[in-house]
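Visitor:
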Amino acid sequence: LWILPYYTSITAVVFFCILVLKSRHLNKKVINGLLLVYVGLILFILLQGKNPLNYLTILSSPVAFVCLDKITLSRKEKKRLFYFIEFTWLILVLLSFGYFDRFTINRSSMVNSNTMGMYLLDMAMLLLYFFDIYEKKLIKSIVVSFVTILSLYLGYQARGNLIAFLFFLLCCIFRKHIMKNYKRILILAAVLIIAGGLIPFIYIQLIQNNFFGVRTYSLKDMYTREGVWSDLVGTFVVNKSYLITGLPSNELEIMGSAIHNNSFELLASIGILGLVLYFIFVFSYMKTIIADSKHSNKIDLLIFAFLSLLVQGFTEVSLFWSVTYVLHYMYLGLASGNEYVNIPEREYGLKLTS
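Just add 39 to the spot in the sequence shown (first one is 1) and you have the working numbering.
1. On the CB-based measure, 16 or more other CB atoms within 10 Å of its CB, does N278 come out buried or exposed?
2. Is DSSP giving H299 helix, strand or coil here?
3. List in chain order: all unbroken alpha helix (DSSP H) runs of 4+ residues lying wholly within the stretch 137 to 174.
4. Is it a yes or a no for the stretch 109 to 120 touching the stretch 310 to 324, going by three-plus beta-carbon pairs under 8 angstroms?
5. State the DSSP-derived secondary structure class of S423, mapped to helix, strand or coil.
6. Exposed or buried, what is F136 when buried is set at 16 or more other beta-carbons lying within 10 Å of its beta-carbon?
7. Indicate whether N200 and L160 have their beta-carbon atoms separated by less than 8 angstroms.
8. I'd like to check one pair, A163 with S347: are the Cβ atoms closer than 8 angstroms?
9. Between the C-alpha atoms of I181 and I212, what's the straight-line distance to the nearest angstrom?
10. Just to confirm the assignment, what range does the alpha helix (DSSP H) spanning E265 have?
11. Based on Cα-Cα distance, which residue from L237, S308, F185 lies nearest to I81?
12. Please report how far the alpha carbon of I217 lies from the alpha carbon of Q244, in whole angstroms.
13. Could you check how far apart the C-beta atoms of I172 and K337 are, in whole angstroms? I think they sit under 8 angstroms.
14. Quick one: residues in its chain with C-beta nearer than 7 angstroms to the C-beta of I342, no 5 flanking neighbours on either side, listed in chain order?
15. Can you look up K337 in the DSSP assignment and give me helix, strand or coil?
As structure tokens, then:
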């Protein structure tokens with residue numbers, strides 16, 4: 040836990056170094072555009088008299104997409120990655136037994152149960168992706184899915200992650216219908232992005248209308264996020280200029296990453312214009328991957344996994360939590376990388392057994 044306060048800065052520096060090393064292999068227009076956006080955001084932050092350190096996760100996000108773009112792995116690397124994911128998933132499942140109860144007692148010395156749930160969600164989705172690509176083991180996929188659901192619900196009590204995983208499974212079930220036309224997946228992505236901005240308002244209204252009944256406060260109550268979101272909405276109502284510029288540094292430092300919503304995190308940090316530009320960038324990047332006719336259906340589950348992060352972003356800052364950056368941005372990186380060409384299964388496949 041001692042490294043967590045520094046993890047955001049470490050992540051930002053590492054991604055910037057990767058970008059510099061990788062820049063010679065990237066399109067100059069992409070690099071120049073990214074640098075323009077990056078420098079523009081920094082100038083915007085400085086001119087507002089804000090502390091740039093508070094915005095490292097926001098600034099690092101577009102850089103992360105570029106740094107992890109077109110990940111290429113050898114067959115041996117894929118095999119090792121598969122076994123690592125399988126092992127890590129099993130460890131996270133074993134740790135889930137009674138984890139939330141232990142966390143409530145030792146909150147200062149244990150990783151948040153929702154964060155552990157995020158890791159389990161990521162490992163499960165990657166594991167199902169490997170099963171689908173290399174083994175096509177239906178029984179194994181069902182077992183992994185069932186155990187993951189139980190671990191998220193009972194062990195970590197990570198409800199947001201559970202909903203994201205169920206969404207991922209639904210996408211897998213209706214895979215042929217969703218991926219029949221690339222426009223469908225883009226429409227779904229757009230709906231999820233819009234829904235992410237509306238969910239807090241809907242949730243606030245449900246709470247205020249006593250939809251969930253009598254308030255009972257605990258670590259897993261239904262009202263923590265409502266309080267944060269209501270305060271943020273109230274701040275914007277009183278100071279409408281914050282919708283354009285984002286919150287002042289002192290107020291943003293108080294809220295930190297506890298805003299629990301991707302859209303509200305962007306709105307609080309860099310205003311509505313920054314929010315719109317960021318999601319246009321994400322949407323355009325996804326469109327570039329999905330609309331390319333050279334891509335095979337091997338990337339379907341990777342696309343679904345990234346969409347599940349948008350669902351997770353309804354109640355968490357899934358795209359701006361630095362300890363999950365590599366995993367969360369790796370999905371589209373793999374999708375744009377060595378799954379790019381539809382190589383015959385006899386050449387491409389791996390016989391992985393466990």
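Even glycine gets a Cβ: it sits at the ideal position worked out from N, Cα and C. Here the structure is a predicted model, which is why all the values come from computation and not from measurement.
Guide: Looking at the coordinates:
1. As a first step, residue 278 must be located in the sequence shown, where it is residue number 239. N278 should be labelled exposed.
2. Working through the sequence shown from its first residue, we reach residue 299 at position 260. Of the three classes helix, strand and coil, the one that applies to H299 here is coil, per DSSP.
3. 138 to 144, 152 to 169
4. no
5. Absent from the structure is residue 423, since the part of the chain shown begins at 40 and ends at 393.
6. Numbered from its first residue, the sequence shown carries residue 136 at position 97. By the neighbour-count rule (16 or more Cβ atoms within 10 Å), F136 is not buried but exposed.
7. Taking the sequence shown and counting its residues from 1, one reaches residue 200 at position 161. Taking the sequence shown and counting its residues from 1, one reaches residue 160 at position 121. Yes, the Cβ-Cβ distance between N200 and L160 is below 8 angstroms.
8. Residue numbering aside, residue 347 sits at position 308 when the sequence shown is read from its first letter. Residue numbering aside, residue 163 sits at position 124 when the sequence shown is read from its first letter. No, the pair does not count as a contact, with Cβ atoms beyond the cut-off.
9. Mapped onto the sequence shown, residue 181 falls at position 142. Mapped onto the sequence shown, residue 212 falls at position 173. Distance between the alpha carbons of I181 and I212 is about 12 angstroms.
10. By one-based count along the sequence shown, residue 265 stands at place 226. Element bounds for E265: 263 to 277.
11. In the sequence shown, residue 81 corresponds to position 42, counting from 1. If we check each option's Cα against that of I81, S308 comes out closest.
12. Within the sequence shown, the letter at position 178 stands for residue 217. Within the sequence shown, the letter at position 205 stands for residue 244. Looking at the two C-alpha atoms, the distance is approximately 31 angstroms.
13. By one-based count along the sequence shown, residue 172 stands at place 133. By one-based count along the sequence shown, residue 337 stands at place 298. Contact holds; Cβ gap of about 5 angstroms.
14. As a working mapping, residue 342 is identified with position 303 in the sequence shown. Cβ neighbours of I342 beyond the five flanking positions: I224, I329, A374.
15. Start at 1 with the first residue of the sequence shown, and residue 337 comes out as number 298. Three-state DSSP puts K337 in a helix.
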